[in-house]
Structure formats: structure tokens, C-alpha cells
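Comments concern the structure below.
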Amino acid sequence: MSIATMSQKPHHCSGCSASGKDSPHSHTPAITAPPKPQVREPDAEELEWLQQQSLALEDASPEEILTWAVEKYHPKLTMATAFGPEGCLILSMLAKIEPEVYIFNLDTGYQFQETLDLRDRMAAHYGMEIVLEQPELPVEQFEAANGGPMYQSEPDQCCFHRKIVVLRRVLAEYDAWFSGIRRDQSPYRANAPIVGWDKKFGLVKISPLANWTKERVWKRIVDEKVPYNPLHDQGYPSVGCQPCTRPVAAGEHERAGRWTGTAKTECGLHTAD
Ligand code: SF4
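Counting the sequence shown from 1 gives a position; our numbering is that position plus 502.
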């Protein structure tokens with residue numbers, strides 16, 4: 503649903519000055535979608551070069567991939583992390599290779615306290631700065647402008663405003679970014695290259711753990727005592743925002759606890775649309 507359509511949707515709004523605030527009504531939310539930015543498009547030569555680099559790095563270790571990326575792109579290189587196991591492992595490796603890479607978390611205002619605490623622990627443990635990048639409006643104002651929590655009625659729009667807009671703003675300053683995605687996490691991620699062009703955000707995307715399994719990631723985390731989110735020990739294999747994440751039962755897919763009851767499976771950071 504577009505923002506324009508959404509603005510026509512009747513809703514209850516306790517802070518609204520429209521008549522009949524206790525009955526469903528419509529008004530235009532204060533939240534408007536920023537214009538879609540022009541993103542850089544690579545030429546065929548650059549795309550071919552990226553493909554060659556990706557194939558050449560297919561058998562490389564994550565540390566070798568990180569080193570290649572740092573030599574090629576730092577200081578125009580960044581990393582977004584929600585402190586999942588893969589993000590924590592990459593951070594632990596990056597701390598030894600180039601701790602000055604700009605690391606940030608998309609601080610939606612809906613994260614678990616355990617996740618925010620982990621950010622502090624990771625920063626202290628590895629001596630790295632990890633910036634909380636926040637949306638323009640705090641949660642209270644965002645919800646007041648939209649007649650309540652948008653994650654219940656329009657989770658795609660909520661992710662767009664609380665994550666994608668912020669990510670776009672940060673990535674516009676960089677030439678390449680790291681992601682912690684693995685190919686076996688979801689169908690969207692199955693063909694993720696080690697190095698590729700991110701059409702959505704207009705920069706190079708490097709996924710050092712693309713061909714690793716969950717078991718391999720966790721073995722390294724345990725062997726090297728990398729800090730991780732305690733929620734993983736409480737039935738949450740994948741941790742997103744608190745309202746949109748539930749624990750999973752034995753045998754369920756690792757991302758089954760994200761946006762349960764909706765068709766949504768991704769927040770949009772790693773999809774092409
Ligand atoms: Fe909103 Fe849920 Fe997306 Fe977080 S995960 S931004 S709460 S819809």
C-alpha cells in the first residue's frame with residue numbers, strides 16, 4: 503500500500519484534533535515518504551569486475567574477504583548490524599583488521615533491550631564505536647502521527663520508515679557495505695554473491711559469510727567467545743524488533759519467528775525491490 507493510500511485509511515487517533523477522536527476517521531499523517539533518491543548505477547565493466555572478484559573470493563575465508571574489502575574501499579566502507587550471530591562474528595573479525603570502519607545499528611525504537619545492551623557490550627569488548635542511527639521521529643511521535651503502532655497494520659511501511667529511510671541516508675555516504683546474510687537463511691538470500699552490486703542502495707555489497715552455515719557461524723562464536731544476544735538462548739534464533747519477533751519451536755525455520763501471521767519475511771534491507 504502506498505503512503506498516499508495509507509493516509510486515507512480510517513483510524514483511531516487519541517492525539518488528533520479531528521472531530522470524533524474516539525471513532526475511526528482519516529487524516530494525513532505527518533509521516534511522508536521522502537522522494538526516492540537517484541542511486542548510482544555501475545557500468546557493465548564494473549559489474550563484470552565485481553562478478554570476477556566475487557567468484558575469486560568464493561573459497562576465501564571471511565577474514566580474507568574483509569581484508570580485501572578494507573583495502574579496496576575503506577574509509578568509504580560501512581556495516582549495518584542488528585547484532586545477529588553473523589553480525590557479531592563479522593564485527594569480531596573486523597576489530598582485528600580495521601576497527602575504524604563505520605559500524606551502525608538501525609535503532610528503530612522497537613528493539614529489545616537485550617539488543618541495545620549487546621551493542622554496548624560489543625563496543626566495549628572490541629574497542630569499536632557502534633553508532634545508533636535513528637529515524638527522524640521518536641516512536642511516540644511516529645505512532646501519534648499514524649494513529650497508533652504501524653507495525654500492526656502496515657509492517658512494510660513501518661520497516662520502510664524506521665529502517666530503509668535511515669539506511670538510505672547513511673549508505674549514501676559510502677561506496678560499499680558489509681552484510682551478515684547467509685544464502686541458506688531464506689529464498690531471497692539464496693543467490694547472494696560474496697561481492698555484488700546493491701541495486702536498491704547503489705553501492706557495492708559484501709557478504710563475507712554468504713556461503714557459511716548457521717552451525718559454522720555458531721561454532722566460531724562459541725570457540726572464540728564472541729559476545730552474542732542472550733535471546734538466542736531463549737528460543738529466538740533470529741532477533742528483530744520486539745513487536746515483530748517471537749521465539750520459535752523446535753524444528754521451525756530460524757526466521758519463522760519474524761513477522762508471524764503475516765506474509766512478510768524480510769524488512770527490505772536485503773531485497774532488490
Ligand atoms: Fe516496525 Fe516491526 Fe519493521 Fe521493526 S520489524 S521496523 S517494529 S515493522
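Glycine residues also receive a C-beta, built at the ideal position from the N, C-alpha and C atoms.
- Residues 612, 651, 653, 654 of the same chain have their beta carbon placed closer than 8 Å to that of residue 745, with the five preceding and five following residues left out of the count.
- A check of alpha carbon separations from residue 739 across 726, 719, 727 identifies 719 as the nearest.
- Scanning the stretch 625-669 for uninterrupted alpha helix (DSSP H) segments of 4 residues or longer gives 641-647, 652-655, 657-661, listed from N- to C-terminal end.
- Counting along the chain, residue 706 sits inside no alpha helix (DSSP H); it lies in the beta strand (DSSP E) bounded by residues 705-708.
- DSSP, reduced to helix, strand and coil, places residue 575 within a helical segment of the structure shown.
- The Cβ neighbour count for residue 715, taken over all protein chains shown within 10 Å, is under 16; the residue is labelled exposed.
- Across the structure, residue 555 and residue 615 are spaced so that their CA atoms are roughly 39 Å apart.
- Following the DSSP letters along the chain, one finds residue 719 in no beta strand (DSSP E) but inside the alpha helix (DSSP H) bounded by residues 716-725.
- For the options 553, 755, 631, 574, the alpha carbon positioned closest to that of residue 693 is the one of 553.
- Considering only 640, 561, 541, the residue with the shortest C-alpha distance to residue 610 is 640.
- The beta-carbon distance between residue 605 and residue 565, rounded to whole angstroms, is 17 Å. This is too long to meet the 8 Å contact definition.
- Rounded to whole angstroms, the Cβ separation of residue 682 and residue 583 is 7 Å, and the two are in contact under 8 Å.
- Rounded to the nearest whole angstrom, the CA to CA distance from residue 668 to residue 636 is 7 Å.
- With 16 or more other Cβ atoms from the protein chains shown falling within 10 Å of its own Cβ, residue 760 counts as buried.
- Short note on residue 690: C-beta not closer than 8 Å to any heavy atom of ligand 1.
- Ranked by Cα distance from residue 686, the first of 678, 704, 677, 709 is 709.
- For residue 534, the closest C-alpha among the options 586, 747, 638 is that of 638.
- DSSP, reduced to helix, strand and coil, places residue 771 outside both helices and strands of the structure shown, so it counts as coil.
- The beta carbons of residue 678 and residue 579 sit closer together than 9 Å.
- For the options 645, 607, 575, the alpha carbon positioned closest to that of residue 631 is the one of 607.
- Counting other Cβ atoms within 10 Å of its Cβ, residue 571 reaches 16 or more and is therefore classed as buried.
- Closest in alpha carbon position to residue 762, among 747, 771, 752, is 747.
- Its chain contains 728, 730 as the residues whose beta carbon lies nearer than 6 Å to that of residue 590, once the 5 sequence neighbours on both sides are disregarded; these appear in chain order.
- The bridge partners DSSP lists for residue 608 are 635.
- Cα atoms of residue 671 and residue 661: separation of roughly 14 Å, rounded to the nearest angstrom.
- Separation of residue 723 and residue 620 (C-alpha to C-alpha, rounded to the nearest whole angstrom) is 14 Å.
- Residue 613 is bridged by DSSP to 743.
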